[in-house]
Amino acid sequence: MSAELPESITLEALVQRFGGRIARGDPQRVVRRLASLTTAGADDLSFLTSAPFKAQAESTRAGAVLVGEALADAIPADCALVIVDDPYACYAHVAGWIAGWREALESPPVGVHPSAVVAPDASLGEGVAIGPGCVVEAEAVIGDGVRLGPGCFVGRGARIGARSRLVAQVSLYAGCVLGEDVLVHASTVIGSDGFGFAPEAGQWVKIPQLGRVVVGNQVEIGANCAIDRGALDDTVIGDGCKLDNLIQIGHNVRIGEHSVLAGCTGVSGSAVIGRRCRLGGGVGIVGHLQICDDVTITGMTMVTRSITTPGTYSSSFPMMEHAAWERAAATVRQLPDLRQRLRKLEKLSGNR
Amino acid sequence: MSAELPESITLEALVQRFGGRIARGDPQRVVRRLASLTTAGADDLSFLTSAPFKAQAESTRAGAVLVGEALADAIPADCALVIVDDPYACYAHVAGWIAGWREALESPPVGVHPSAVVAPDASLGEGVAIGPGCVVEAEAVIGDGVRLGPGCFVGRGARIGARSRLVAQVSLYAGCVLGEDVLVHASTVIGSDGFGFAPEAGQWVKIPQLGRVVVGNQVEIGANCAIDRGALDDTVIGDGCKLDNLIQIGHNVRIGEHSVLAGCTGVSGSAVIGRRCRLGGGVGIVGHLQICDDVTITGMTMVTRSITTPGTYSSSFPMMEHAAWERAAATVRQLPDLRQRLRKLEKLSGNR
Amino acid sequence: MSAELPESITLEALVQRFGGRIARGDPQRVVRRLASLTTAGADDLSFLTSAPFKAQAESTRAGAVLVGEALADAIPADCALVIVDDPYACYAHVAGWIAGWREALESPPVGVHPSAVVAPDASLGEGVAIGPGCVVEAEAVIGDGVRLGPGCFVGRGARIGARSRLVAQVSLYAGCVLGEDVLVHASTVIGSDGFGFAPEAGQWVKIPQLGRVVVGNQVEIGANCAIDRGALDDTVIGDGCKLDNLIQIGHNVRIGEHSVLAGCTGVSGSAVIGRRCRLGGGVGIVGHLQICDDVTITGMTMVTRSITTPGTYSSSFPMMEHAAWERAAATVRQLPDLRQRLRKLEKLSGNR
Chain A
110 MSAELPESIT LEALVQRFGG RIARGDPQRV VRRLASLTTA GADDLSFLTS APFKAQAEST
170 RAGAVLVGEA LADAIPADCA LVIVDDPYAC YAHVAGWIAG WREALESPPV GVHPSAVVAP
230 DASLGEGVAI GPGCVVEAEA VIGDGVRLGP GCFVGRGARI GARSRLVAQV SLYAGCVLGE
290 DVLVHASTVI GSDGFGFAPE AGQWVKIPQL GRVVVGNQVE IGANCAIDRG ALDDTVIGDG
350 CKLDNLIQIG HNVRIGEHSV LAGCTGVSGS AVIGRRCRLG GGVGIVGHLQ ICDDVTITGM
410 TMVTRSITTP GTYSSSFPMM EHAAWERAAA TVRQLPDLRQ RLRKLEKLSG NR
Chain B
110 MSAELPESIT LEALVQRFGG RIARGDPQRV VRRLASLTTA GADDLSFLTS APFKAQAEST
170 RAGAVLVGEA LADAIPADCA LVIVDDPYAC YAHVAGWIAG WREALESPPV GVHPSAVVAP
230 DASLGEGVAI GPGCVVEAEA VIGDGVRLGP GCFVGRGARI GARSRLVAQV SLYAGCVLGE
290 DVLVHASTVI GSDGFGFAPE AGQWVKIPQL GRVVVGNQVE IGANCAIDRG ALDDTVIGDG
350 CKLDNLIQIG HNVRIGEHSV LAGCTGVSGS AVIGRRCRLG GGVGIVGHLQ ICDDVTITGM
410 TMVTRSITTP GTYSSSFPMM EHAAWERAAA TVRQLPDLRQ RLRKLEKLSG NR
Chain C
110 MSAELPESIT LEALVQRFGG RIARGDPQRV VRRLASLTTA GADDLSFLTS APFKAQAEST
170 RAGAVLVGEA LADAIPADCA LVIVDDPYAC YAHVAGWIAG WREALESPPV GVHPSAVVAP
230 DASLGEGVAI GPGCVVEAEA VIGDGVRLGP GCFVGRGARI GARSRLVAQV SLYAGCVLGE
290 DVLVHASTVI GSDGFGFAPE AGQWVKIPQL GRVVVGNQVE IGANCAIDRG ALDDTVIGDG
350 CKLDNLIQIG HNVRIGEHSV LAGCTGVSGS AVIGRRCRLG GGVGIVGHLQ ICDDVTITGM
410 TMVTRSITTP GTYSSSFPMM EHAAWERAAA TVRQLPDLRQ RLRKLEKLSG NR
């Protein structure tokens with residue numbers, strides 16, 4: 110598949126806009142789309158970013174290819190060649206040109222849609238776009254250039270920083286705060302009650318959740334996530350963090366700057382995660398733990414104790430063909446017994 | 110509990126409609142509801158599909174029971190007996206009669222609700238029902254007989270095939286495509302950005318996500334799922350796939366026809382899943398892997414390498430009483446050491 | 110951080126309202142906020158509930174502290190002291206005072222918002238609040254004092270008991286039932302189709318899902334959960350259960366009274382969970398199992414067989430530094446072989 114460019118563009122105009130030089134081909138040649146090497150056709154611009162994709166490049170039918178000096182030889186002779194310093198960055202910039210154009214088309218137009226319900230004392234910045242069916246409650250503060258897609262709910266006194274975008278159906282509960290340039294995908298919930306109940310006579314008594322969620326700048330949060338408000342202090346997501354879809358963040362969690370969490374991960378209440386951490390998909394973090402900066406957790410690991418040393422940590426059971434797994438799993442149950450028997454043999458042999 | 114039939118029906122009319130023959134009881138006997146064997150009463154029709162439910166059948170108080178020839182003896186003498194070739198299929202058809210009736214009642218009526226916001230240049234097929242609060246953006250194409258429940262969002266240029274149904278609050282992002290006869294449950298998000306960020310100077314730079322999600326025909330997707338759009342190529346869900354609730358599908362994933370994924374499963378970006386695969390609940394698939402056709406993955410397995418042979422695969426740790434688990438888990442940590450000690454003993458004994 | 114009280118209050122008025130006695134400080138001293146020990150300032154009321162927080166108490170700058178007799182010595186001399194029997198309960202009550210005040214502000218006002226779409230034959234109780242964009246279909250029954258936040262969908266014939274609150278964007282499908290004093294957080298879906306498909310000629314035929322979801326009284330359900338309706342009988346959540354965020358409940362599941370389920374947990378179809386059970390985060394329950402009363406399941410455990418004895422059960426793989434994990438995981442694959450070799454050595458040594 111391919112992505113249409115905002116306008117057809119000559120190679121000459123392309124390098125004027127994004128840098129690089131035309132090493133082969135007619136500068137007046139026109140490209141109309143951005144496409145991957147395997148799907149590109151004669152009107153398409155493609156890119157070769159690294160050696161593993163060389164084989165794909167050698168058989169590409171792209172009209173023109175962005176490539177670094179070192180891999181230029183891999184491109185077929187009938188493709189135009191645009192040599193750039195960093196083809197991955199150049200791809201990202203061309204893609205960003207397309208994305209910006211599309212977002213301008215897709216976003217609700219500036220202004221408040223007549224079906225939106227905005228409290229008279231909510232504060233709206235310059236150039237704000239509030240889509241159909243949005244609800245913005247009293248004392249909410251919406252920064253300049255913020256875009257709310259259809260059906261978003263902004264609770265009483267919540268604040269959204271400049272240029273942030275809530276795509277659709279997002280719920281931002283009362284009092285919660287989003288920074289600037291934040292992107293939140295559809296149906297995500299920010300500020301739901303933390304899971305706090307005290308046992309009393311065989312029942313559970315609710316502990317009211319009075320803190321907020323405070324999300325920093327340049328944070329992206331995927332679809333269908335749930336981030337709970339703090340019990341009394343705040344739940345905090347640091348600047349530059351990226352959260353994938355279907356992530357659960359418990360109350361009073363604090364996540365340091367520029368950490369990334371892959372999908373289906375759950376962080377239990379009051380856990381503290383450092384800066385620049387990377388959590389794989391389906392990870393679970395037990396409550397009240399502390400994880401230091403620069404820790405990587407591989408997918409589906411359960412973190413059961415605090416981590417004080419940067420590095421990579423894992424806990425998943427290795428995948429096997431089912432019959433082999435059944436035998437291994439059965440033996441896992443016997444492990445303490447096997448250890449005992451080994452010890453006994455060692456004693457018998459005089460080895461320990 | 111029981112489900113009311115669209116109308117009371119005599120056994121004679123029932124077999125005319127759904128097949129089978131009345132082996133015992135008055136053909137003019139009337140049944141009003143469909144019920145399970147344990148809850149059915151004198152006005153209810155029930156069904157015995159297979160031997161494990163024989164004990165339930167022997168004490169049922171149903172007015173009439175659908176049953177195959179082989180198990181007819183299990184039904185009490187005071188129940189009317191309707192012998193059918195395939196009682197499970199016959200149950201499904203009677204249930205389908207009820208479901209069709211209910212859906213006709215529950216669906217938004219044909220037409221566009223006055224509170225819906227439909228772009229003038231969106232294309233609506235014949236007999237379309239657009240519920241309250243829906244938003245359909247420019248250039249979207251809605252096929253014949255499509256039903257959108259309350260609060261659905263269909264982004265710019267998205268397309269929905271004939272007879273598909275989005276139950277409520279579904280978000281279909283710009284450009285994404287659903288096939289015919291697709292059912293999507295509430296709050297599911299299709300087309301959110303894939304999770305693509307390039308590290309740069311200790312921060313994360315967003316890779317714009319320009320591909321689409323393309324969903325085939327006869328696909329069912331549960332509630333609160335998130336299916337990301339491709340980075341440049343498309344994310345593809347094949348014809349006849351069935352996805353349960355709370356499922357995450359990363360960007361550029363491709364799933365073959367008629368595969369089923371149980372709830373809470375996550376598939377990381379660019380993974381390829383074959384046809385007729387069956388994934389249990391809570392499964393995780395690492396990115397960029399390939400899984401061939403006809404593979405079964407048991408619940409909570411993490412798939413960490415490509416699978417090239419059909420079969421069943423597992424990776425969960427066996428459940429134990431907690432104290433036993435603690436001992437086994439402690440021994441797991443010592444496994445490499447135990448293996449070393451075993452080797453040493455083998456050498457001592459001259460066995461290896 | 111701190112939470113503002115509904116009004117500034119003197120210590121004298123505080124003990125009149127919540128009990129306890131002023132052991133030190135001016136009864137006319139005013140507190141304006143409730144705060145944790147580490148963040149409280151001179152205008153704030155804080156609380157010391159148990160010995161582990163003594164160190165925090167010793168350096169607190171709170172204006173006044175709620176504390177039990179036994180730990181009163183830990184509070185600095187310049188803090189006012191309010192001695193109470195149970196400081197945790199007293200904190201919960203003060204927090205509840207704040208929460209009630211906030212909820213009154215945040216809730217949609219009593220009445221039906223003009224943008225809501227309520228069927229003429231839906232039944233609305235006394236003092237009901239129906240927020241903007243809500244859809245209440247025919248024959249639905251909304252009890253006294255129920256509050257529906259923005260964008261909630263209540264399907265045909267669904268029923269909501271008195272004083273229940275659906276925060277925002279909640280979908281309650283046709284025919285489903287919520288008890289009294291139920292709280293459901295945003296984007297949760299109740300009553301989606303159970304995952305029932307019969308294999309037929311390489312395809313999947315849908316089994317219509319005709320049962321309901323029946324939720325008891327005093328139940329709390331977090332954000333972005335999905336609770337499926339039964340196939341023919343009902344899915345049942347007992348009185349007093351508490352469900353965290355992102356939880357999946359399959360069709361025909363029954364959960365006993367006062368059980369709590371932490372986030373990201375999935376319960377497969379027809380499983381039965383007893384009363385007062387506690388499930389950690391990310392737990393998976395295989396379908397058709399039975400779990401007795403008073404069972405605790407630790408986080409990320411997969412329950413693969415029925416549990417008939419109260420107690421604690423676990424199945425997660427222990428977390429390790431990645432290189433150590435790789436060695437342990439490799440050895441897990443060899444476990445059946447290691448067991449064989451151990452047996453051989455035992456025979457050689459005449460030990461078994």
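Residue numbers (my numbering), protein chains in the order written: chain A, 110 to 461; chain B, 110 to 461; chain C, 110 to 461.
From the three backbone atoms N, C-alpha and C, an ideal C-beta is built for every residue, glycine too.
Every value quoted in this text rests on a predicted model; they were computed, and no experiment measured them.
- Scanning chain C for C-beta atoms nearer than 7 Å to the C-beta of E455 (chain B) yields R450 and L454, reported in chain order.
- For Q165 (chain A), the enclosing alpha helix (DSSP H) covers residues K163 to E167.
- For the segment 145-159 of chain A, the set of residues with a beta-carbon nearer than 7 Å to any beta-carbon of chain B comprises S145 and T148, in chain order.
- A direct Cα-Cα distance of roughly 13 Å separates V193 (chain B) from E121 (chain B).
- G150 (chain B) and G236 (chain B) have their C-alpha atoms spaced approximately 40 Å apart.
- A189 (chain C) is bridged by DSSP to C:A173.
- For V441 (chain B), a Cβ of chain C is located within less than 9 Å of the residue's own Cβ.
- Segment contact: the segment 185-202 of chain B against the segment 120-134 of chain B, three or more CB-CB distances shorter than 8 Å; contact assigned.
- With its beta carbon at least 9 Å from every one in chain B, S368 (chain C) lies outside the interface.
- When Cβ pairs closer than 8 Å are counted between the two stretches, the segment 357-377 of chain C is seen to touch the segment 301-308 of chain C, the count reaching three or more.
- Residue-level contact check: Q399 (chain B) does not touch chain A, since none of the beta carbons of chain A fall below 9 Å from its beta carbon.
- For Q399 (chain C), the secondary structure class from DSSP, reduced to helix, strand or coil, is strand.
- With a cutoff of 9 Å on beta-carbon distance, G284 (chain B) and P259 (chain B) are scored as not near each other.
- With the rule of 3 Cβ pairs closer than 8 Å, the segment 386-402 of chain B does not count as touching the segment 363-372 of chain C.
- Sequence-ordered contacts of the segment 414-428 of chain A with chain B read S425, F426, P427 and M428 [C-beta pairs closer than 8 Å].
- Bounds of any beta strand (DSSP E) do not take in R436 (chain C); it lies within the alpha helix (DSSP H) bounded by H431 to R442.
- For C188 (chain A), not one C-beta of chain C is nearer than 9 Å to its own C-beta.
- Put simply, the backbone Cα of E116 (chain C) is about 57 Å away from that of C350 (chain B).
- Listed in chain order, the non-local C-beta contacts of D253 (chain A) below 8 Å within the same chain comprise G234, E235, G236, V237, A271 and R272, local neighbours out to five positions each way being set aside.
- In this structure, the beta-carbon distance from L292 (chain C) to V314 (chain C) does not fall below 9 Å.
- By the C-beta density criterion, P185 (chain A) is exposed, having fewer than 16 other C-beta atoms within 10 angstroms.
- No Cβ of chain B is located within less than 9 Å of the beta carbon of K163 (chain A).
- By the beta-carbon neighbour count (other beta carbons within 10 angstroms, threshold 16), E366 (chain A) is buried.
- Taking 9 Å as the cut-off, the beta carbon of S424 (chain B) is found closer than this to the beta carbon of M428 (chain A).
- No Cβ of chain A is located within less than 9 Å of the beta carbon of L292 (chain B).
- Taken in chain order, the members of the segment 313-334 of chain B whose beta-carbon sits within less than 8 Å of a beta-carbon on chain A are W313, V314, K315, I316, P317, Q318, L319, G320, R321, N333 and C334.
- Annotated as proximal: G172 (chain B) and L154 (chain B), with beta-carbon spacing under 9 Å.
- Within the segment 279-366 of chain A, the runs of beta strand (DSSP E) that reach at least 3 residues and sit entirely inside it are, in chain order, 298-301, 306-309, 312-315, 322-324, 335-337 and 344-346.
- The three-state secondary structure of F156 (chain B), taken from DSSP, is strand.
- With a threshold of 9 Å between beta carbons, L175 (chain A) makes no contact with chain B.
- When A:G347, A:H294 and A:L319 are compared, the shortest CA-CA separation from G331 (chain A) is found for A:H294.
- For G258 (chain B), the nearest CB of chain C lies under 9 Å from its own CB, placing it at the interface with that chain.
- Judged by beta-carbon spacing, A183 (chain B) lies beyond the 9 Å limit of A198 (chain B), meaning their Cβ atoms are not closer than that value.
- Of the candidates C:R256, C:G264 and C:A307, the residue whose Cα lies closest to the Cα of D230 (chain C) is C:G264.
- Per DSSP, the beta-bridge partners of F262 (chain B) are B:V244 and B:S280.
- With the rule of 3 Cβ pairs closer than 8 Å, the segment 131-141 of chain C does not count as touching the segment 197-215 of chain C.
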